Every structure is written in C-alpha cells, then in structure tokens.
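Numbering (our numbering), first residue to last: -1 to 187.
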C-alpha cells in the first residue's frame, strides 16, 4: 500500500567478557542471566552474549524461579530484590512469571557477581548498535566496564562528542556543514 513503510528493527548484539566462573553465580543469577542473554558453558565458566539484544522482559515458569530464589536468598543481591519485588505483585496462582529486566538490571547483577568473586576484578560488555534500515540513528556501539565499585560506559556518540570538544571547541549547537545562502533560502521556504 502506498505510504506504508516497513518498521525498522533495532539491534544491539552484546558480548560479556571474561566468561563468568559458575561457582561465582547464584542459581537465581544464572537463571535470569541465561534468559537475558544466551549462555554457553565453557568448562567451569559461562560465556554470556546476546546475538540481537539483551532481553528487557523475561518469561519464566514460577516453580523453577521460586526454587532458584530459595537457593539464592542467603546472599542479598539485585537478582533476589528484582524477583522478590515482582513476585509480590503477582497472584500466587500465576504459573508463568513475566519479569521486567529493563533499566540495566543485568549490569547490576554482573556487578554483584564481581563484588563476591574471588577471581573477577571486572566484567566488560561491548555492544554494537545496528538496525534493519540505513537510519542515521541506528548505528554505533557502546562499551561498559563493570567493577565492584562502578559501572562506566561510553557510546560511540559520547566518543564522537569527546573528539568534537577537542577538535572543534565551538561545535555545540552549530550545524556540521555550513549552509550556502541558496540552501538557507530553500530550508526556510
């Protein structure tokens, strides 16, 4: 049909490094992270990645979720808090649970793991931003470093802004290209 445009799909494939020792992950963290990301076992570690996007919403059967929660409540952490708060809002007879894991929940879970780990000093997350059409807002990336004390990240837009601040100090608010008088007349009409 004329005037109908197909929707643009945005993706942010993400990899987490290094692989996380299984012994450092509570059963509840493992359950959540393996639904937010793909999880591949590599010996005694898990490699987490998302080939399209980390999941914002996770659907789980209540019974294994409650079992993982029961095995993980001896340690106060983000996963326990998120699941406990969201379970409290649901009727007890809901067999399936939809968990909101947006708002960088996974970053806090990895930070909890780093805090407890005897071997991990940090975890990194590297994401690519792509989309199904060549849209100017659909490409770039991001890098995040997660330590016991901080979660720091920069997008490629942040890096470009840093470069512009250094190379073109008065760039903010000015167009990237100087318009010719003919272009100005065309824009205003």
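All C-beta atoms, glycine included, are put in the ideal place defined by N, C-alpha and C. Note that the structure is predicted; figures quoted are calculated from it, not measured.
Are at least three pairs of beta-carbons, each pair with one atom in the region 38 to 51 and one in the region 1 to 21, less than 8 angstroms apart?
Note that the region 38 to 51 touches the region 1 to 21; at least 3 beta-carbon pairs, one per stretch, sit closer than 8 angstroms.
In its own chain, which residues sit with a C-beta less than 6 angstroms from the C-beta of residue 63, not counting the 5 before and 5 after it?
95
Going by beta-carbon coordinates alone, are residue 6 and residue 130 separated by less than 8 angstroms?
The answer is yes: Cβ separation under 8 angstroms.
Can you list, in chain order, the residues of its chain whose CB lies under 7 angstroms from that of residue 51, leaving out five sequence neighbours each side?
9, 10
Quick check on residue 126: does DSSP put it in helix, strand or coil?
strand
What do you reckon, are the CB atoms on residue 97 and residue 84 nearer than 8 angstroms?
A contact, by the Cβ cut-off of 8 angstroms.
On the DSSP bridge list, what partners appear for residue 152?
141
Please report the straight-line C-alpha distance between residue 33 and residue 59, rounded to a whole angstrom.
Cα-Cα distance, rounded: 12 angstroms.
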